[in-house]
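Notes for the one structure printed next.
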Amino acid sequence: MTTDHRKPSIPSNVLWREEDGNTVLFDEENGEPYLLNETGARIWDLCNEDVPLGEILSLLPQEFEGDPAVIRKQALDLIRDLVEKKLLVLSSD
């Protein structure tokens, strides 16, 4: 288990809705939509539940089939992308 205690949070300017198993994010500031697949939607839900990053990265391999290291890396890549696009914020440790 990773010990990253930072918590992802969703900025107030980001709206989202679920449709057909996907989640669509919308940044009110730049007007850009961002589509998450089912796995991304689960990550988004965990971010919205005040779950620490380390716990998110530990939970996902239990919920999805595949190599746990690959699942964690892909999840971390998505979270970094969302942070870079300002759709998600990580608290400091």
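Residues in the sequence shown are numbered consecutively from 0, following numbering that gives the first Met the number 0. Glycine included, each C-beta is placed from N, C-alpha and C at the ideal position.
Nonlocal neighbours in the same chain, by C-beta distance under 7 Å from residue i, ignoring five residues either side
i	result
Phe63	Thr38 and Ile70
Met0	In this predicted model, Met0 has a pLDDT of only 46, less than 50, meaning its place in the structure is not dependable enough to derive any value.
Contact check, residue i vs residue j, beta carbons under 7 Å
i	j	result
His93	Pro51	Nothing can be reported for residue 93: it is not among the residues displayed for the chain, which extend from 0 to 92.
Asn21	Asn36	yes
Tyr33	Leu45	no
Leu77	Ile55	no
Cβ-Cβ separation, residue j to residue i (assumed contact under 8 Å), whole Å
i	j	result
Pro10	Lys84	Not a contact, Cβ separation roughly 11 Å.
Spatial neighbours of residue i in its chain, beta-carbon cut-off 8 Å, leaving aside the 5 residues before and after
i	result
Val88	Pro7, Ser8, Ile9, Pro10 and Val82
N- and C-terminal bounds of the beta strand (DSSP E) containing residue i
i	result
Arg16	Val13 to Glu18
Pro32	Pro32 to Leu35
Leu24	Asn21 to Asp26
Sequence-distant residues of the same chain with beta carbon closer than 6 Å to residue i, five excluded per side
i	result
Glu28	Asn12
Inter-residue spacing [alpha-carbon to alpha-carbon] between residue i and residue j
i	j	result
Ala40	Glu48	12 Å
Leu14	Gly65	30 Å
Leu75	Ser90	15 Å
Glu31	Asp80	14 Å
Lys72	Asp26	25 Å
Asp19	Pro67	26 Å
Chain D within 7 Å of residue i, Cβ atoms only
i	result
Gln61	Absent from the structure is chain D; it holds one protein chain and no more.
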